[in-house]
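Step one of this worksheet: look at the structure below.
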Amino acid sequence: MIPAMQSLKLEEHDRATSIFNDIVVRFEPSQTAEYGYKPITLIALMEKEVSEKDEFLRFFFSFISQNLSAEGGERGIDVEHVLSRLASFDSWTTEEKNALGESLAAFAKYLVDNFFLPLKALGANTPQPTPAPHSPSILSDAAIGTPERVSNLRRDCLVRDRHRCVITRKFDAAEAEKRFERDDDNAKDDDGNTLGSEDETFATLEVAHIIPHFMPFTNEEGERKLESSHIMASSDPWLTISQAESKQIAHRILSMFNPAAVNLINGPNIDRPMNALTLTPDLHRAFGKF
1 MIPAMQSLKL EEHDRATSIF NDIVVRFEPS QTAEYGYKPI TLIALMEKEV
51 SEKDEFLRFF FSFISQNLSA EGGERGIDVE HVLSRLASFD SWTTEEKNAL
101 GESLAAFAKY LVDNFFLPLK ALGANTPQPT PAPHSPSILS DAAIGTPERV
151 SNLRRDCLVR DRHRCVITRK FDAAEAEKRF ERDDDNAKDD DGNTLGSEDE
201 TFATLEVAHI IPHFMPFTNE EGERKLESSH IMASSDPWLT ISQAESKQIA
251 HRILSMFNPA AVNLINGPNI DRPMNALTLT PDLHRAFGKF
């Protein structure tokens with residue numbers, strides 16, 4: 001289980017930040033991009049971007065300490081003891097420093113495997129059913145991610161975004177065709193401007209989830225569900241996790257960036273317009289690879 005967020009004492013925060021920065025300065029210049037990214041730089045940038053610094057530092061030092069000692073879990077960790085141990089890392093033996101460097105790379109991979117990679121892999125996978133007819137949205141009546149829900153989502157996003165891509169401002173081709181058939185040369189966009197001007201271009205628009213369906217750990221009725229089957233196996237206890245735990249980790253990391261984010265997109269909320277954008281297909285794919 002992933003423990004709830006906990007604040008560090010002021011002196012612990014200052015010391016943890018100082019040691020973290022020292023570790024980054026020491027190991028960043030010699031890092032290698034073995035997996036296509038720079039692990040120390042990734043960790044350093046994440047620390048700068050998260051809003052919950054204490055949670056990130058506790059998470060970081062817990063992982064490093066347990067990884068170095070080959071012990072599992074995070075319960076009952078003594079932050080002061082961990083910081084005291086790592087404060088003297090610069091005087092460690094070469095073998096010990098190498099082990100610390102490997103632990104840093106393992107932490108970066110842990111973040112990538114459980115958060116960044118799933119987010120990227122699923123970012124362009126929103127299905128594109130025909131937009132639902134205009135009627136009140138009752139999202140709770142349909143299971144999460146079903147064609148009915150996504151159809152409602154696509155309809156609502158097109159209306160909200162005025163049937164235009166939020167980036168290119170191209171008008172939706174299907175909607176334009178309907179309006180030309182209905183109004184001929186008098187067809188207008190949602191703002192009352194005439195459609196089909198010389199510089200006007202149309203495109204088939206798609207709805208793109210900002211946070212994909214991987215993130216919530218819910219069943220089809222939107223209820224919290226924990227699964228027991230293991231999807232990862234490793235000699236490292238930190239890396240032997242179940243699917244449910246993997247989703248909890250993703251939630252925990254997401255909460256470091258914005259503590260309210262999980263509640264905003266949990267359950268049925270993940271298929272609401274606040275978690276989606278209207279994009280052209282090429283930008284949808286690019287967004288998924290970002």
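full-length UniProt numbering puts the first residue of the sequence shown at 1, with every later residue one more than the last. Positions of the beta carbon are idealized from the N, C-alpha and C atoms, including for glycine. All of these numbers come straight from a predicted model, not from anything done at the bench.
Item: Closest Cα partner of D78 within the set L111, S91 and I64; Value: I64
Item: Buried or exposed by the 16-neighbour rule on C-beta atoms within 10 Å, applied to K170; Value: buried
Item: A276, enclosing beta strand (DSSP E) - first and last residue; Value: A276 to L279
Item: Classification of N152 by the beta-carbon crowding that lies within 10 angstroms, buried from 16 upward; Value: buried
Item: Euclidean distance between Cα positions of T280 and A187; Value: 21 Å
Item: Unbroken alpha helix (DSSP H) run spanning V262, endpoints; Value: A261 to I265
Item: Rounded separation between H284 and H251 - CA only; Value: 23 Å
Item: Range of the contiguous alpha helix (DSSP H) that encloses E11; Value: L10 to F27
Item: Proximity below 8 Å, CB of L111 to CB of L42; Value: yes
Item: With 16 other Cβ atoms within 10 Å as the buried cut-off, status of E220; Value: Confidence is the limiting factor: at E220 the pLDDT is only 40, short of 50, which leaves the residue's position unreliable, though a coordinate-based value still follows. Label assigned to E220: exposed.
Item: Helix, strand or coil at D156 [DSSP, three-state]; Value: helix
Item: Residue interval of the alpha helix (DSSP H) (run including A99); Value: T94 to L111
Item: DSSP-derived helix/strand/coil call for residue 292; Value: Outside the displayed range of the chain (1 to 290) lies residue 292, so it cannot be described from this structure.
Item: Presumed contact (8 Å Cβ cut-off) between I210 and L254, rounded CB distance; Value: Going by Cβ atoms, the distance from I210 to L254 rounds to 11 Å, so no, they are not a contact pair.
Item: Residues near F180 in its chain [Cβ-Cβ closer than 6 Å; skip 5 each side]; Value: A187
Item: N266 beta carbon less than 8 Å from that of N275; Value: no
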